[in-house]
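Position 58, counted from 1, in the sequence shown is what numbering that gives the first Met the number 0 calls 57; the numbers after and before it change by one each time, with no gaps.
Glycine included, C-beta positions come from ideal geometry on N, C-alpha and C.
These figures come from a predicted structure and were not determined experimentally.
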Amino acid sequence: MDDLISAFKNIRYWVFDLDDTLYPPSKEVYSQMAKRICAFVMRALNVDEKTASVIQKDYYRKYGATVRGLMLEHDIPPEEFTDYVHRLDLSSIKENPRLRDCLNALRGRKFVFTNGARRHAERVLERLGLGECFSGVFSIGEAGYIPKPAEQTYLKMLNAFKIAPAESVMFDDSPANVLAAKKVGMKTVWISSNVENNQYCSVDDKDFCDFETPDLTDFLTELTMKKTA
Numbered sequence: 000m001d002d003l004i005s006a007f008k009n010i011r012y013w014v015f016d017l018d019d020t021l022y023p024p025s026k027e028v029y030s031q032m033a034k035r036i037c038a039f040v041m042r043a044l045n046v047d048e049k050t051a052s053v054i055q056k057d058y059y060r061k062y063g064a065t066v067r068g069l070m071l072e073h074d075i076p077p078e079e080f081t082d083y084v085h086r087l088d089l090s091s092i093k094e095n096p097r098l099r100d101c102l103n104a105l106r107g108r109k110f111v112f113t114n115g116a117r118r119h120a121e122r123v124l125e126r127l128g129l130g131e132c133f134s135g136v137f138s139i140g141e142a143g144y145i146p147k148p149a150e151q152t153y154l155k156m157l158n159a160f161k162i163a164p165a166e167s168v169m170f171d172d173s174p175a176n177v178l179a180a181k182k183v184g185m186k187t188v189w190i191s192s193n194v195e196n197n198q199y200c201s202v203d204d205k206d207f208c209d210f211e212t213p214d215l216t217d218f219l220t221e222l223t224m225k226k227t228a
């Protein structure tokens, strides 16, 4: 109890990944997105489904996001990709009053930092009922389509929101993204429930995170309860 309180007592900036962090991994959302990414790659590169799937996963591993690989290797406008891929049915994402209460109980400012498009982030936050909890969203567009885990993108985000790394914490489901946050001086919490994503974003450093939890809401509930106890 004391260790958790001590670790977070100086935190003034709370930074959260979006998909599979603010809501649990969703097969409905993931399968839609994977299919739309594959369909876009098939159409843009004139390849079959199997080849498109290989390219998609290869670019994700190599560049942190499929869109970055398409930009660099095929000169495809990133907006075309994000506009197409994020036309998703988000009805499976439900409002989370418990998480909203936890976020509102945290002292300091809260931000979303995502490799997704801004409009997608806004739609997800609306579905979760969390739109009013955050002071800002830093999307792949604000990053110049250079995705996490690129160090320059973390530094750009920190500068944009005037965040002091030593007074901040990053919550993310990707070990690679968590490690990158730690390297720029942020405290880190790994949301470990995304088994599918972990196989593509593994890291060699066993100490890549400060804390680990399979459920963000449970973690913040424990933290906020201890702070008020």
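Check each candidate in the options and name the one with the smallest Cα separation from residue i.
i           : options            : result
residue 189 : 182, 183, 178      : 178
residue 33  : 45, 22, 55, 44     : 55
residue 115 : 212, 4, 87         : 87
residue 223 : 98, 89, 154, 35    : 98
residue 173 : 9, 13, 24          : 24
residue 134 : 154, 143, 103      : 103
residue 216 : 70, 94, 207        : 94
residue 90  : 76, 218, 22        : 22
residue 122 : 138, 109, 107, 108 : 138
residue 112 : 128, 67, 153, 68   : 153
residue 106 : 26, 80, 13         : 13
residue 92  : 16, 67, 82, 126    : 126
residue 36  : 6, 4, 79, 9        : 79
residue 18  : 220, 192, 206      : 192
residue 308 : 147, 146, 108      : Since the displayed the chain opens at 0 and closes at 228, residue 308 lies outside it and no answer follows.
residue 63  : 7, 144, 83         : 144
residue 140 : 20, 5, 156         : 156
Could you have a look at residue i and say whether DSSP puts it in helix, strand or coil?
i           : result
residue 8   : coil
residue 0   : Because residue 0 sits at a pLDDT of 48, beneath the cut-off of 50, its placement in the model cannot be relied upon, and the following sentence gives the value as read from the coordinates. Three-state DSSP puts residue 0 in coil, outside helix and strand.
residue 275 : Residue 275 is absent from the structure shown; the chain starts at 0 and stops at 228.
residue 177 : helix
residue 62  : helix
residue 27  : helix
residue 22  : coil
residue 160 : coil
residue 183 : coil
residue 219 : helix
Return the bridge partner residues of residue i from the DSSP annotation.
i           : result
residue 110 : 14, 135
residue 232 : Residue 232 lies beyond the residue range present for the chain, which begins at 0 and ends at 228; the question has no answer from this structure.
residue 211 : 189
Complete alpha helix (DSSP H) runs within the region 66-134 (minimum length 4 residues, chain order): DSSP runs (the alpha helix (DSSP H)) wholly in the region 66-134: 77-84, 96-104, 117-127.
Any 3 or more C-beta pairs closer than 8 Å across the region 30-50 and the region 58-77: yes
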